[in-house]
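So the sequence shown is numbered by the working numbering: it starts at 62 and just counts up by one. In this text, a Cβ means the ideal position worked out from N, Cα and C, and glycines have one as well. Note that the structure is predicted; figures quoted are calculated from it, not measured.
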Amino acid sequence: MADPTRHPRAGADPEDLYATRPPWDIGRPQPAFLALAEAGALRGRVLDAGCGTGEHAIMAAGFGLDATGVDLAANALRTAEDKARTRGRTVRFLRQDARQLAELGEVFDTVLDCGLFHLFNGADRVAYADALRSVVPPGGRYFMLGFSDRQPGEWGRVHKLTRAEIEAAFADGWRVDSIEPSTIDITADPDGIRAWLVALTRI
């Protein structure tokens, strides 16, 4: 069984995360994000930040949206491309640091983030929030699933998030629409991980 505590260490090579299947790679979209898609909350050009093996970018493409996934793990991106090809979905996957999204020179109407924001702290968190502002125009949306401070146990580099931390990180240029208790499904535990589902609008 996969080790549910297997999360990236500071300075870890992104390739190492996908040398074997990690517990968060469940082979389907997270239910919370699928529900958003089914409700019509995703629109326009969609960016899956820290896309891993691409489930949410592929999901967005399945709803007829222009979808891009970015990650630093080239091996994960290769798997994502294979999945998209097998499922007949047109998705663009790019090797790109999410803290430097401005380098893309593009804008996105919707950003999905499952399990990326909670890896950042300090200067990296600030850089990521700045990067998001640079690619999301006013009226654009950001949806994030991140570890909640309600989740027990130690989880390596993952920062268990409080509502206050989330609100503080996005105080500049965003409206917090909702921060709701949710779950991140993983292969190692049928109960999943306690998470926050965050919805923001760029102002």
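Option in the options with minimal Cα separation from residue i
i: residue 105; options: 79, 132, 202; result: 202
i: residue 146; options: 119, 256, 125; result: 119
i: residue 92; options: 255, 254, 245; result: 245
i: residue 220; options: 101, 171, 180; result: 180
i: residue 176; options: 141, 208, 252, 216; result: 208
i: residue 191; options: 232, 214, 215; result: 232
Nearest-angstrom beta carbon gap, residue j and residue i [assumed within contact, 8 angstroms]
i: residue 206; j: residue 162; result: That pair is no contact at about 19 angstroms.
i: residue 159; j: residue 110; result: 5 angstroms
i: residue 137; j: residue 128; result: Actually they are not in contact, since the Cβ atoms of residue 137 and residue 128 sit about 16 angstroms apart, beyond 8 angstroms.
i: residue 196; j: residue 168; result: 6 angstroms
i: residue 97; j: residue 178; result: Rounded, the Cβ-Cβ distance is 16 angstroms, inconsistent with contact.
Test item: CB-CB of residue i and residue j under 8 angstroms
i: residue 143; j: residue 113; result: no
i: residue 131; j: residue 155; result: yes
i: residue 189; j: residue 134; result: no
i: residue 238; j: residue 223; result: no
Spatial neighbours of residue i in its chain, beta-carbon cut-off 8 angstroms, leaving aside the 5 residues before and after
i: residue 157; result: 131, 132, 133, 164, 165
Own chain, CB closer than 7 angstroms to residue i, minus 5 neighbours either side, in chain order
i: residue 117; result: 90, 94, 109, 173, 175
i: residue 256; result: 206, 207, 208, 209, 243, 244, 245
Close beta carbons around residue i, own chain, < 6 angstroms, minus the five adjacent residues each side
i: residue 140; result: 114
Residue ranges of each beta strand (DSSP E) within the stretch 66-115, 3 or longer: 106-110
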